[in-house]
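Colleague: Numbering-wise (UniProt numbering), the sequence shown opens with residue 1 and increments by one.
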Amino acid sequence: MKDKRILYVSSEVVPYLPETEISSMSFEAPRLVNQQGGQIRIFMPRYGNINERRHQLHEVIRLSGINLVINDLDMPLIIKVASIPKERIQVYFIDNDEYFKRKATLTDENGELFSDNDERAIFFAKGVIETVKKLNWAPDVIHVHGWLASLLPLYLKQFYKDEPLFNESKIVTSVYNQSFDGALNKDMVNKIMFDDIDAETIKTLEDPSYNNLMKVAIDYSDAVIIGSEDIPEELDSYLKAANKPILGYKSKDEFGEAYTEFFNTKVCN
């Protein structure tokens, strides 16, 4: 992976949020590439329950300040950055007071999904892409983790399809078992269509369930990694029918060699 540029886009990353399969792998995979001499950038949302002082987040003024249009509303994009101690890895945080100031991640104190999680997902996807454009940093691979990041492949291949910076970028999505019950806001499909994304391409999202979000991510990815030992049967079947490179589940202790070979032979070849 030496000299490869890999962009990690995740809904959660250790040490900024508690350890889960997603947050752990969103740290271990970049660390591996970093140790192999690759170049990496990590992006995640700046949830209100991340302690900015403890983790020494600070705003990057030169990257902040643009507005993203979400469902006809101008939403200011704020970019913050921090370094993971001892690893010399920078993490960029996508922030906006309306979407990420609340002291929680994806659900309220009763465990109910926030009603604007659909807009937060759109904002996160567009915010990452706009920031990478400002950095003028063309990734060889974009590796997506977690359902809040799952719209990134769609937006990159549809809304940003004429953006030359990403012409050579390959998208890899990791599919996990870390899902949610029910569905996001039913109006999600109209908010995505507002960005001139064709209705046919997102018909699946008329029911914005976890499985359907991940199906759209799979459709617009170049390769897929199975990130959990067990994933929903519906997604397992969908992957078997998808004509793309797939890496089966590897534990945190054994993933290194398999990931490296997969990226070198199936993704970047």
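Where a beta carbon is used, it is the ideal one built from N, C-alpha and C, also for glycine.
1. Nearest-angstrom Cα distance between Ser209 and Ile197?
2. For Pro18, count the other beta carbons within 10 Å of its own beta carbon; 16 or more makes it buried, fewer makes it exposed. Which is it?
3. With a 10 Å radius around its C-beta and 16 neighbouring C-beta atoms as the bar for buried, classify Ser83 as buried or exposed.
4. Cβ atoms of Val267 and Ala223: under 7 Å apart, would you say?
5. What do you get for Leu73, buried or exposed, if any count of 16 or more other CB atoms within 10 angstroms of its CB means buried?
6. Nearest to Ser179 by alpha carbon, out of Ser228, Leu165, Ser237 and Val33?
7. To the nearest angstrom, how far is the alpha carbon of Asp187 from that of Lys203?
8. Tell me where the beta strand (DSSP E) around Leu73 begins and ends.
9. Whole angstroms are fine: how far does the CA of Leu184 sit from the CA of Ile61?
10. Helix, strand or coil: which one does DSSP assign to Ala138?
11. Can you name the residues that DSSP bridges to Val224?
Modeller: Reading it off the structure:
1. 19 Å
2. exposed
3. exposed
4. yes
5. exposed
6. Ser228
7. 12 Å
8. Leu73 to Pro76
9. 32 Å
10. coil
11. Thr173 and Ile246
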